[in-house]
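Listed in order, the protein sequences are those of chains G and B. To convert, take the position in the first sequence, counting from 1, and add 6; that gives the working numbering. To convert, take the position in the second sequence, counting from 1, and add 363; that gives the working numbering. Yeah, the Cβ is synthetic: ideal placement off N, Cα and C, and Gly gets one too. Okay, so here's the structure we're looking at.
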Amino acid sequence: MTVTPTRAVGTDFDRVEAAEKVTGTARYAYEHAPDRDTVYAVPVQSVIARGEVVNVDTDGALTLPGVIAAVWHGNAPRLGPADDPELALFQSRRVAYRGQLVAGVIAETLETAREAARRLRVEYAQEPHDVVLRVDHPKMYKPSKVNPAYPTDTEYGDPDAALEKAAVTVDLTYSTPAEHNNPMEPHATVAVWENDGLVVYDSNQGSSAVRDTLAGLFGLPPDAVRVIAPHVGGGFGSKGTPRPGVVLAALAAKVTGRAVKVTMTRQQMFALVGYRTPIIQRVRLGADEDGTLRAIVHDAFEQTSTVQEFAEQTTTPTRIMYAAPNRRTTHRLAPLDVPTPSWMRAPGECPGMFALESAMDELAIACGVDPIELRIRNEPETDPESGLPFSSRNLVACLREGAARFGWADRDPAPGVRREGRRLVGTGVAAATYPAYRLPSRATARAEPDGGFTVRIAAADIGTGARTALTQIAADALRTAPERVRVEVGDSALPTASLAGGSSGTASWGTAVVRACEALLRELDRYGGRRPQEAAADTTAEVEAAERLSRHAFGAQFAEVGVDVDTGEVRVSRLLGVFGVGRVINPKTARSQFIGGMTMGLGMALMEEGVMDVEFGDYLNHDFAQYHIPACADVPDIEVHWVDEVDDRLNPMGSKGIGEIGIVGTAAAVANAVHHATGVRVRDLPIRLDRLVG
Amino acid sequence: MRPFVYERAEEARSAVAAVADRPDAMYLGGGTNLVDLMRLGVAEPARLVDVSRLPYDTVGVRPDGALRIGAAVRNSDLAAHPAVRRAHPLLAQALLAGASGQVRNMATVGGNLLQRTRCAYFQDITKPCNKRNPGSGCPAREGDHRNLAIIGHSEACVATHPSDMAVALAALDAVVHLEGRDGPRTLPLTELYRLPGDDPRRDTVLDPADLITEVTVPALSFGGRSHYRKVRDRASFAFAVVSVAAALDVAGGVVRDCRIAFGAIAPVPWRARRAEEALRGAPATEDAFAAAARAELGQARPLRDNAFKVPLARNLLVRTLTELVVA
Ligand SMILES: Cc1cc2nc3c(=O)[nH]c(=O)nc-3n(C[C@H](O)[C@H](O)[C@H](O)COP(=O)(O)OP(=O)(O)OC[C@H]3O[C@@H](n4cnc5c(N)ncnc54)[C@H](O)[C@@H]3O)c2cc1C
Ligand code: SF4
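Structural data, given as structure tokens:
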């Protein structure tokens, strides 16, 4: 396998589009204005959680000056099949959740469209709804797989007997609430039909996937659809698959023959762009007196909608974390009258590791073993379930390095005894992990007549710095300076690429870019350096031929909290993370990813909760005044480090994804610190003062 | 949102006339609450009369030390005013504990006093709410009410008043100056607000045409020994879960006088007169402070999910007073 000589890779190369972004010239989807007069479509959402749309009286809305059309099941064009039934807009009268799109109103101005949408009279036949997740829900079933393609359950040895016999056991139930992805840029699309084809400027995590979906829905060949998304203001998984807004825009543009803009309001996002399912998890651990694990059992109970099965892979990290001869992991789902959950930063690992790493802390206390030592004692040599070797695994190094930097050595394990003024202070640790995925992609590289290079790939830079990282990777592969390389991403007209998801982007696209660049150098060689030359690469065969290994990144998260003894207010005073993520392409943008992930983990620990309105069936606190994420004042000085990790069996860069692991384990570290501070174990997130004030 | 007419008032009388004539006209201050409610469809005025540029935009100190605060003074400016910071630190602290710098730069004193509840149902026109739509019901009672009232609420409405500033002003015996249909009048701030009873529609006793022109705060000899403490779910930019405004006058270990008000526990800024009564003449000890808290919070009737506010309010009061003794 080729290892590129490292020159640009590993440096703090400035974000290539930084100047455009800070000067406001970087255009995001909604800011695009096609030549055609642009009009505005506004979604109309269901106000019942289950039932049927009987009729939509559009008359009142259409009399408003400036209103062009109102579309609903009764008059909408029929669409082709959709993989995701959430995208089959207005194809059925069924209402599967409160907030689902039942109509769209199109008008000359956004204000008019909104007012008309409000005036639209929708008549429903309402049925009783069922929106509360419980372990004993009668509809709880075993899905055939969990996301993206993992076995639903696994079992090794005899976990029940081992638990029975174990010297020390813990049997604990944790819960995490619905959590909502809220990228800074709401989902937005500008759609226009041109010469029988469709062009959309869209905010998404992968233009190739949006193109294929739209082509299917509108019965077009894929090359008749163009999806343009040069800049995207975050996604966190919510833009990983096309959402209803892009379909509404394309449909409205088709109906009106105009260019149509659609954007989600913050409130609409709480129903329409996916969210992390609430999860109830039971973790049972059985160990010897010294903490050596004999049994691990991890069961997850989750919700999905009646529209589509979405099976969060919550207990999958437990399959690779610790050695134990007897083990079982399971997932069960209840289809409820709720919006379909979807991808949210570190789906599976993030909630699953909250439960597992809290339980490990509880086991450490039960055994009287230091929590870091407990993890080291249970470090597996090979993947504990598949038996495969790890491509690399540096959990122990991360824990040790973190312990040294954080000042763990002097820690008194006794809970509830450290006072600083009116605050109880405590510290906690948790492990983190995330798979190192890689998906097939294509890329081209071109040697331009002026001596520069252009690399093209339909990758997505959703604010992560992907464009910058690929520039560095290409420069090294081309043995040139990054300033001479121009990377074009964010357009489905470019070579088809995988999406920005599963922390797979840099590994997947980077492989394709390296291969295209290598091919280009060969071409240049062959033609004596004569320009222009162009070469292409498709990594399907390479990715499929990869050797069988267990590929994961690991990390250690440390937290210090202060809990007000009078009010129970928890504030995090320190977060420190150490990660083993292969070669870090760009330390500056990588740090931002870790810090962002850890900040989001802090929010998960202390604040984030979608409150289900049981009576009406939607998430009640659907704006930022009510749904809290950390404010600047909540975020302490976060320290991020990584251990030197060489893993040349992953991809030509030797890199692992870094976009998600930062959120994994943070909540457990905080919860463990809260216990250390107060002696109170909070197993239901978020940890709010309600539970700590007395 | 529904189309509306915007006009800027030049002086108080014409502003009042502009609103008095039209049932669907409203005053506009900084717009940080009203414009949000218009976007949500909760407020649908056909005419906005902007009173933020009226000449009530200064803070003055009277010879007796009383403060005269114009209704159009921005929250940030009031918080930064030297006289406020010196004589009434709790008022400056309450202002700075509210919202964010950007919101405070826009928000006016008049608008702050009349901001509406943050009850989630009130803000969602697809759901019933007695305050927004009388007689439609109060889903918060059985639904989400974690951060709603424990005291002073009614069967019809359990909402809280969200203002921080108003809690400090309630403790300080502030007086609200009004220009109404029949000319000017004044009202103690604690009488401005009304409990919901069986008509939660109105938060205050004001007529829609009543224009707040000024707020006066009488001098308080021990105002310098005062504090506003706000408990919230994150470190900034969050409404209170419980707050307390307190001023304390202690001599020889005995409480000579005090002012106490709670926020976020009631439909109104809650002046804690029973606690004050219990404290006057009592020893300045934690036990006496706890007894005073009990005297006030004994009337609390928490809902299913907000009983934690009772010990929280008690602890907060005891701690705030204790720190004022030491200060
Ligand atoms: C995200 C966010 C967070 C916030 N957090 C907090 C917080 O933590 N604590 C807190 O206390 N507040 C908070 N607020 C609320 C904020 O304090 C209020 O929105 C603000 O004080 C309202 O003042 P305004 O001048 O903008 O009022 P407007 O929105 O202009 O008006 C509010 C009401 O007052 C009426 N009105 C305005 N001026 C007058 C007058 N002179 N006479 C009669 N009627 C008048 C209007 O008709 C309207 O009904 C927050 C607001 C936002 C948006
Ligand atoms: S508490 Fe008051 S404001 Fe909230 S829903 Fe009930 S009536 Fe409406």
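Listed along chain B is no residue with a C-beta nearer than 8 Å to that of G/V569; the closest approach is about 13 Å.
Contact note: G/M613 reaches chain B through D596, R597, using a C-beta cutoff of 8 Å and chain order. Residue pairing of G/Q539 in beta bridges, as defined by DSSP: G/A453.
Under the Cβ criterion (8 Å, minimum of three pairs), the segment 464-478 of chain B counts as touching the segment 390-407 of chain B. Neighbours of G/G700 across chain B, judged by C-beta separation under 7 Å: P674. Distance from the CA atom of G/V578 to the CA atom of G/P692, rounded to whole angstroms, is 13 Å.
Burial of G/S556 is indicated by the presence of at least 16 other C-beta atoms within 10 angstroms of its C-beta. Inter-residue distance for G/D229 and G/G110 is about 27 Å (C-alpha atoms, whole angstroms).
With 16 or more other CB atoms across the displayed protein chains lying within 10 angstroms of its CB, G/F600 is buried. When Cβ pairs closer than 8 Å are counted between the two stretches, the segment 354-367 of chain G is seen to touch the segment 664-676 of chain G, the count reaching three or more. Listed by position along chain G, the residues whose Cβ is nearer than 8 Å to that of B/N468 form an empty set, because the closest Cβ is around 17 Å away. Per DSSP, the continuous alpha helix (DSSP H) segment holding G/K171 begins and ends at 165-171. Interface annotation, B/E649: not in contact with chain G, CB-CB separation never under 8 Å.
Rounded to the nearest angstrom, the Cβ distance from G/S244 to G/M350 is 7 Å, consistent with a contact under 8 Å.
By the rule that beta-carbons nearer than 8 Å mark a contact, G/V268 does not touch chain B.
Burial state of G/A525 is buried, judged by a 10 Å Cβ sphere holding 16 or more other Cβ atoms.
In the DSSP assignment, B/S499 falls outside any beta strand (DSSP E), carrying neither H nor E.
Partner residues in the beta bridge of B/E370, as assigned by DSSP, are B/V412.
The Cβ atoms of G/V641 and G/R429 lie no closer than 8 Å to each other. One finds nothing in chain B with a Cβ atom closer than 8 Å to the Cβ of G/Q132; even the nearest lies about 13 Å away. Secondary structure at G/E645: strand, using DSSP grouped into helix, strand and coil. At a cut-off of 8 Å between C-beta atoms, G/H634 counts as an interface residue with respect to chain B.
Between G/Q563 and G/P357, the alpha-carbon positions lie close to 15 Å from each other.
Interface flag for G/N188 against chain B is unset, since no Cβ pair is found closer than 8 Å. Rounded to whole angstroms, the gap between the alpha carbons of G/G508 and G/M618 is 28 Å. In the displayed model, G/H681 falls within a helix according to three-state DSSP. From the beta-carbon of B/L679, the residues of chain G found nearer than 8 Å are D572, T573.
Looking at the DSSP output, G/D177 sits in a beta bridge with G/R290.
For B/R410, no chain G residue has a C-beta closer than 7 Å to its own C-beta; the minimum C-beta separation is roughly 17 Å. Look at the segment 169-242 of chain G and you find these whole runs of alpha helix (DSSP H), each 4 residues long or longer: 213-224. C-alpha of G/E645 to C-alpha of G/M606: approximately 15 Å in a straight line.
For G/T335 and G/F560, the gap between their C-alpha atoms comes out near 20 Å. In this structure, the beta-carbon distance from G/V176 to G/E295 does not fall below 8 Å.
Between ligand 2 and B/R495, a heavy atom-to-CB distance of less than 7 Å is present. One alpha carbon belongs to B/H516, the other to B/R637, and they sit about 18 Å apart. Using beta-carbon distances, G/A639 counts as an interface residue toward chain B, with a partner under 8 Å.
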